[in-house]
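S.K.:
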Amino acid sequence: MARALEPKDSDQVGARLLEASVRNSYDPHLDIDWAAPLAVGKAYMPFERVSLYGTDLWRGLSEEQRIELSKHEIASIAGVGLWFEIILIQLLVRYAYDLDPTSPHAQYALTEIGDETRHSIMFAKAIARFGAPVYGPGRAIHELGRIYKTIAGGPSMFAAVLVAEETTDRLQRSTMDNPEMQPLIRMVNRIHVVEEARHVRFAREEVIRSVPNLSRAQLEFHRLATAVVAFAVIDSLINPRVYLSVGIDPREGRAAALANPNFHETRRWMAEKVMEFLTDVGMVGGPSKAILRRAHLLR
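Quick note: to get the working numbering, add 199 to the position in the sequence shown (first position is 1).
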């Protein structure tokens with residue numbers, strides 16, 4: 200049974216988030232030393248979160264290859280993050296279109312658009328600095344994103360945003376204070392975590408306010424829409440082409456990752472907090488549960 204979450208006044212929340220934005224905002228052009236050399240022998244993400252960790256393919260890799268794969272996987276995640284940030288910018292522009300621009304609520308939505316623009320640039324510069332390709336999602340998901348950004352709305356829009364943001368946020372938090380990780384990725388993640396906390400608060404409040412106004416049929420639709428987008432995003436984070444960086448055939452690597460219990464557990468770990476929230480607010484239930492379980496976001 201989902202527990203009720205109390206909605207808060209949208210302008211009060213917007214005003215607080217605007218104040219927080221003034222206190223803690225970053226410019227990736229100025230706040231990251233892009234010319235600093237990459238640290239030799241340091242991974243780009245914890246090995247236990249790499250998709251092949253624990254498999255026979257993983258055991259066959261040297262330490263250098265494991266570091267290289269971690270670099271390409273974090274680059275793939277950043278590329279998908281960049282793609283979704285651009286979608287989110289367009290969703291927020293459409294959302295703000297009908298709002299009163301003098302309200303703190305609308306002004307925070309516009310502020311978040313600026314944040315997401317800087318994040319997209321930051322991820323792009325990080326990928327370039329790593330010397331990795333811009334992997335992004337597969338072609339089909341990329342093209343479906345064009346439709347999604349045009350038609351998405353309501354609580355499922357914000358719920359899907361939460362899944363994309365909070366899953367990657369969990370991974371980023373595990374690296375930003377870890378001295379064994381690359382200093383550059385730690386700084387990128389630290390900036391993103393600080394600013395993304397405001398975006399998560401904004402999106403959560405939107406879901407809490409809107410779900411109680413849904414009819415039963417509307418609720419089931421938004422649950423299903425959230426689950427489908429969540430599956431698409433989480434399944435796109437690791438592009439199969441990353442395995443070429445260590446001499447593994449992409450089809451073999453993807454098959455090993457999809458069958459890997461450690462990778463399944465990583466997905467559930469990344470989604471643990473957001474799935475708890477969405478369950479509490481009533482956005483998980485019915486057929487959507489089966490989709491989320493298939494995506495290894497729920498047990």
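Backbone N, C-alpha and C define an ideal beta-carbon position, used for all residues, glycine too.
Treat the numbers as computed from the prediction; the structure is a model and nothing was measured.
#1: In or out: Gly259 buried (at least 16 other Cβ within 10 Å) or exposed?
#2: Could you check where the alpha helix (DSSP H) with Ser444 kicks off and where it finishes?
#3: Buried or exposed for Pro378, please, with buried defined as at least 16 other CB atoms from any protein chain shown within 10 angstroms of its CB.
#4: Please classify Ala305: does DSSP put it in a helix, a strand, or coil?
#5: Consult DSSP for Ala214 and reduce its assignment to one of helix, strand or coil.
#6: With a cut-off of 8 Å on the beta carbons, I'd call Ala429 and Ala494 a contact; round off their distance for me.
#7: Roughly how many angstroms separate the alpha carbons of Tyr243 and Val427, rounded to a whole number?
#8: To which residues of the same chain is Ala277 closer than 7 Å at the C-beta, ignoring the five residues directly before and after it?
#9: With respect to the alpha helix (DSSP H) encompassing Asn388, which residues constitute its N-terminal and C-terminal limits?
#10: The alpha helix (DSSP H) spanning Thr254 covers which residue range?
#11: On the DSSP letters alone, give me the boundaries of the alpha helix (DSSP H) that Met474 sits inside.
#12: Tell me which same chain residues have a C-beta within less than 7 Å of the C-beta of Thr166, skipping the five on either side of it?
#13: Considering Cα atoms alone, identify which of Pro449, Ala308, Ala431, Glu419 is closest to Ala339.
#14: Using only the alpha-carbon positions, how far apart do Glu404 and Pro486 sit?
#15: Can at least three beta-carbon pairs, one atom from the stretch 442-457 and one from the stretch 276-294, be found at a separation below 8 Å?
M.R.: Well, looking at it:
#1: exposed
#2: Note, Ser444: premise wrong, no alpha helix (DSSP H); not H, not E.
#3: exposed
#4: helix
#5: helix
#6: 6 Å
#7: One C-alpha to the other measures close to 29 Å.
#8: Excluding residues within five positions, the ones whose Cβ falls inside 7 Å are Phe322, Ala325, Ile326.
#9: 382-409
#10: Here Thr254 belongs to no alpha helix (DSSP H), and DSSP marks it neither H nor E.
#11: Residues 460-480.
#12: Missing from the structure shown is residue 166; the chain here goes from 200 to 498 and no further.
#13: Ala431
#14: 24 Å
#15: no
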